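>
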Amino acid sequence: MWAKTRRNLTQIRCKHMKILMSSINPLFADQVIGGSTKHLQKAAIYLGELGHEVTILSTQRPDSREPFRWHENVLIKPLMRFKQPFPQPYEIPAYQMAQNVQTVFDHLAEADRFYVHDGEWLFTHSHTYVPTTISLRDNVYPETMLGMFLFQGDVMVPISGYSERVIRATAGRFYPDLGGRLQTVPNALDWEKFRPKEPDLEIFDYIPIDPGQHTILLHPHRPEPSKGLLDTVKVVDRLVHYYGVSDVLTLVPNWFDADVSPDVKEYLERVRQQIHDRGLTTHFHFHKWLPQRLMPDYFNLGQVMLSLGHFVEAFGNTVYESLGCGTMSIAARIATHRDLVPDHLLDKVHHGDTNAAADIAYRIIKDKETTSSETMRYLHESYSVERQMKGYADAILKAVKRPAMRFQPSPVTAESQFVLSPWCYVWEENLYHDFDARHASLPSLVQLLENEPAGFTMRQAADQGVEQETLLEWYQRGYIVPRY
Numbered sequence: 002m003w004a005k006t007r008r009n010l011t012q013i014r015c016k017h018m019k020i021l022m023s024s025i026n027p028l029f030a031d032q033v034i035g036g037s038t039k040h041l042q043k044a045a046i047y048l049g050e051l052g053h054e055v056t057i058l059s060t061q062r063p064d065s066r067e068p069f070r071w072h073e074n075v076l077i078k079p080l081m082r083f084k085q086p087f088p089q090p091y092e093i094p095a096y097q098m099a100q101n102v103q104t105v106f107d108h109l110a111e112a113d114r115f116y117v118h119d120g121e122w123l124f125t126h127s128h129t130y131v132p133t134t135i136s137l138r139d140n141v142y143p144e145t146m147l148g149m150f151l152f153q154g155d156v157m158v159p160i161s162g163y164s165e166r167v168i169r170a171t172a173g174r175f176y177p178d179l180g181g182r183l184q185t186v187p188n189a190l191d192w193e194k195f196r197p198k199e200p201d202l203e204i205f206d207y208i209p210i211d212p213g214q215h216t217i218l219l220h221p222h223r224p225e226p227s228k229g230l231l232d233t234v235k236v237v238d239r240l241v242h243y244y245g246v247s248d249v250l251t252l253v254p255n256w257f258d259a260d261v262s263p264d265v266k267e268y269l270e271r272v273r274q275q276i277h278d279r280g281l282t283t284h285f286h287f288h289k290w291l292p293q294r295l296m297p298d299y300f301n302l303g304q305v306m307l308s309l310g311h312f313v314e315a316f317g318n319t320v321y322e323s324l325g326c327g328t329m330s331i332a333a334r335i336a337t338h339r340d341l342v343p344d345h346l347l348d349k350v351h352h353g354d355t356n357a358a359a360d361i362a363y364r365i366i367k368d369k370e371t372t373s374s375e376t377m378r379y380l381h382e383s384y385s386v387e388r389q390m391k392g393y394a395d396a397i398l399k400a401v402k403r404p405a406m407r408f409q410p411s412p413v414t415a416e417s418q419f420v421l422s423p424w425c426y427v428w429e430e431n432l433y434h435d436f437d438a439r440h441a442s443l444p445s446l447v448q449l450l451e452n453e454p455a456g457f458t459m460r461q462a463a464d465q466g467v468e469q470e471t472l473l474e475w476y477q478r479g480y481i482v483p484r485y
């Protein structure tokens, strides 16, 4: 049975391929639960439109049990069993893990290509039978990070230059072959949909407000503390009580899974208490989760979109979707937001500086600013759907079976050369650490990095008054990494 799947599939003469995909997230016929799922859907439909037969294995839930199609050539089978809701999807009995493995291998027997979405399918023996591509959709969740370190496939797809740098500085330290298997495919957005327009009336079935009576702020994020809802509350507080913008109304979606997630319910209760204590109850509207088709209408309702959390984004779609609709975004200088769009084309603040964010928001509101033509042009040229879909098609269809990757650890020694970690940035005498979500005053490290921009050894650091113990502490805390 496995003879067919083990051969080098570059020798297949027919254009038609059977492509197996996996998603340990649940999938639905009529709603998209996040940016990651949206891009999976686009890629699958694109491959289906090319004439390939796509089957996606997803996680079963009470509201997603029966197979359904996104396209005549794209079949979703909710056959896998993982814990719902997140987190800890692998917190399941061993027999269910065995059933998941059996399900994947049963389908692999008929597949020409295997695509692992989010890198979260961790049984990497399945990477060895057909050319296998995985994409890493985030830099945070443990399943994705484990997928990166356990990877034994043929192509790994980061979705931004930032994520590629994180991969090279972590898993890449131990797998010298990994760099040759990376194919970065930046996210893209459908600019025909995400454009300035009058919102369709259907949006008001979900958000029953009169937009003419309000200055509308948008917070279109999941209810996780790292997504910055409390930062948004502080911005609204300053707009209302310092700048006197009395008609501010902030739109916040209710997470579709909130009722069955105790952690989400507890977090939202704390946020609502903050809103009440600050006298902002009339300035927030929590609304139903929106179907993906209405997101352009949602963005066109707003004057300002806020993305001020510390979640270490791999891309961060909403910032750019909002800009595409003409609604100005304010983003914290977190992870990929530092360089996806140049500073002069996107308003950015240091994480935690909610006063600066409020000042920018007031400027935008007062001056009735919308996305500049220069920003719009940059987005359209840099993040086109056509380029993204071609990138995924190439990464999946052109993948070839490669030898298993070599694991080659290298010790940290006195000769190791250290550089600033890609998840850190310097401003004045401070360093911000994405994964610590804090600013640190480290003038001696800042000076050392300035004096030795190409990297430094322990000996070079000692020559500039930095003791070995201090350097190793910076390394342990993740401010610097060895260059390999």
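Just so you know, we're using the working numbering here: the sequence shown kicks off at 2 and counts up by one. All residues carry an ideal CB built from backbone N, CA and C; glycine is no exception. Because the structure is a prediction, the values reported are computed rather than measured.
Over what stretch of residues does the beta strand (DSSP E) that includes SER323 continue unbroken?
Not the beta strand (DSSP E): SER323 falls in the alpha helix (DSSP H), residues 318-325.
> If we require 3 or more residues per run, which beta strand (DSSP E) segments fall completely within the region 88-163?
Counting only runs of 3 or more, we get 114-117, 133-137, 156-159.
> Between LEU291 and the rest of its own chain, which residues show a CB-CB distance below 7 Å, the 5 nearest in sequence each way excluded?
For LEU291, where only same-chain residues beyond five positions count, the Cβ hits under 7 Å are TYR207, PRO254, TYR299.
> Under DSSP, the beta strand (DSSP E) around ASP348 begins and ends at which residues?
Element bounds for ASP348: 348-350.
> According to DSSP, is THR282 part of a helix, a strand, or is it coil?
THR282: helix per DSSP, three-state reduction.
> Going by the CB atoms, is the gap between GLN61 and PRO79 shorter than 8 Å?
The answer is yes: Cβ separation under 8 Å.
> Please list the terminal residues of the continuous alpha helix (DSSP H) segment that includes VAL482.
No alpha helix (DSSP H) holds VAL482; the beta strand (DSSP E) holding it covers 481-483.
> According to DSSP, which residues form a beta bridge with HIS288?
Bridge partners of HIS288: PRO254.
> Can you tell me the Cα-Cα spacing of GLN304 and THR372, whole angstroms?
Approximately 10 Å, taken between the alpha carbons.
> Does the Cβ of TYR96 have 16 or more other Cβ atoms within 10 Å, making it buried, or fewer, making it exposed?
It is exposed - the Cβ of TYR96 has fewer than 16 other Cβ atoms within 10 Å.
> Give the DSSP bridge partners of SER385, in chain order.
In DSSP, SER385 forms a bridge with LEU190.
> Between the alpha carbons of ALA333 and VAL482, how many angstroms are there, rounded?
Looking at the two C-alpha atoms, the distance is approximately 24 Å.
> Taking the alpha-carbon of ARG271 as reference, which of PRO226, VAL246, SER247, VAL236 has the nearest alpha-carbon?
Cα-wise, what sits closest to ARG271 is PRO226.
> Exposed or buried, LYS228, counting other C-beta atoms within 10 Å across all chains shown (16 or more means buried)?
Burial call: buried.
> Give a yes or no on whether the C-beta atoms belonging to SER161 and THR38 are separated by under 8 Å.
Against a cut-off of 8 Å, the Cβ pair of THR38 and SER161 comes out as no contact.
> Can you list, in chain order, the residues of its chain whose CB lies under 6 Å from that of THR233, leaving out five sequence neighbours each side?
Once the five neighbours on either side are set aside, the close Cβ partners of THR233 are HIS220, LEU307.
> Per DSSP, SER65 is paired with what?
SER65 pairs with ARG62.
> One question on the structure: do HIS126 and MET22 come within less than 8 Å of each other, judged by their Cβ atoms?
No.
> Roughly how many angstroms separate the alpha carbons of PRO159 and ALA315, rounded to a whole number?
When rounded, the distance between both Cα atoms is 8 Å.
> Using beta-carbon positions only, say whether MET329 and GLU382 come within less than 8 Å of one another.
Against a cut-off of 8 Å, the Cβ pair of GLU382 and MET329 comes out as no contact.
> Can you give me the C-alpha to C-alpha distance between ARG166 and ARG484, rounded to a whole angstrom?
Between ARG166 and ARG484, the C-alpha separation is close to 12 Å.
> Would you give the residue range spanned by the alpha helix (DSSP H) that TRP475 belongs to?
Residues 469-478.
> Are the beta-carbon atoms belonging to VAL236 and ALA359 less than 8 Å from one another?
Yes, they are a contact pair.
> Under three-state DSSP, which class holds HIS311?
In this structure, HIS311 counts as coil in the three-state DSSP scheme.
> Starting from the C-beta of THR133, find all residues in its chain whose C-beta is less than 6 Å away, skip the five residues before and the five after it, and write them out in chain order.
Here the set comprises PHE115, GLY154, ASP155.
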